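First residue of the sequence shown: 202, per the working numbering; consecutive thereafter. By construction, the Cβ of each residue, glycine as well, lies at the ideal position given by its N, Cα and C atoms. Since we're looking at a predicted model, the values are computed, not measured.
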Amino acid sequence: MKKLSTLLFNQGGKCFYCDAFLDINEASIDHVIPQSKGGSNDIDNLVVCCKYANQAFADYPPKHKMTVIKQLCCFPSACKKIFPREEEITEANGIQNEPLIENQPVKPKKKTQSTNVKTVPPEKKTPSTNVQPVQAAEKTPSTNVQPVQAAE
């Protein structure tokens with residue numbers, strides 16, 4: 202279970218094949234190169250995927266797995282369409298499950314702007330510098346560098 206949690210964390214909480222967010226209970230460890238085809242049990246050969254996809258693909262080599270996903274669905278969340286999650290099945294049957302906080306998928310937090318920003322009404326704004334606006338018709342050099350005269 203620790204290896205599964207670690208791999209799921211390293212993958213951002215998503216299925217390796219379909220990129221869907223996974224709950225730890227619907228995740229399983231897959232051997233990229235199946236052990237039956239000589240694949241090792243090393244961490245470099247392991248990924249987390251939907252347990253439904255893992256069961257369906259069994260001993261498929263990685264190229265065949267990806268080909269099947271691409272053929273069955275043109276969206277990156279193919280496993281979700283091909284292998285419905287338990288909650289989708291129960292919702293379709295009209296059964297309501299109480300969500301458990303510990304079984305929620307890992308989702309990255311979205312960046313939000315702070316709501317503690319104070320704004321100054323337009324009539325109270327004061328200029329912060331003594332910069333004068335340049336008129337569009339006037340062409341001026343882009344820098345304030347003065348030419349250096351050669352010493353006599």
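{"Query": "By Cβ distance, which residues of its chain are closer than 6 Å to C250, with the 5 residues on each side in sequence left out?", "Result": "C216, F217, Y218 and D231"}
{"Query": "If I225 and S206 are in contact, beta carbons under 8 Å, what's the gap, nearest whole angstrom?", "Result": "7 Å"}
{"Query": "Going by Cα to Cα distance, which pick from F210, D260 and M202 is closest to I234?", "Result": "D260"}
{"Query": "How should F210 be labelled, buried or exposed, when 16 other C-beta atoms within 10 angstroms of its C-beta is the threshold for buried?", "Result": "exposed"}
{"Query": "Taking just the CA atoms, how far does V269 sit from A257?", "Result": "11 Å"}
{"Query": "What did DSSP end up calling I234 once you bin it into helix, strand or coil?", "Result": "coil"}
{"Query": "Can you give me the Cβ contacts of P263 inside the same chain, cut-off strictly under 8 Å, excluding the 5 residues immediately before and after it?", "Result": "V233 and I234"}
{"Query": "Taking the alpha carbon of N246 as the point to measure from, which residue in F222, A221 and L208 has its own alpha carbon closest?", "Result": "L208"}
{"Query": "Can you tell me whether DSSP reads F222 as helix, strand or coil?", "Result": "strand"}
{"Query": "By how many angstroms is the C-alpha of A254 removed from the C-alpha of M267?", "Result": "11 Å"}
{"Query": "To the nearest whole angstrom, what separates the beta carbons of K252 and A228, a pair I think is in contact under 8 Å?", "Result": "6 Å"}
{"Query": "Per DSSP, which one or two residues make a beta bridge with S229?", "Result": "C250"}
{"Query": "Considering only their Cβ atoms, is the gap separating I244 from K204 smaller than 9 Å?", "Result": "yes"}
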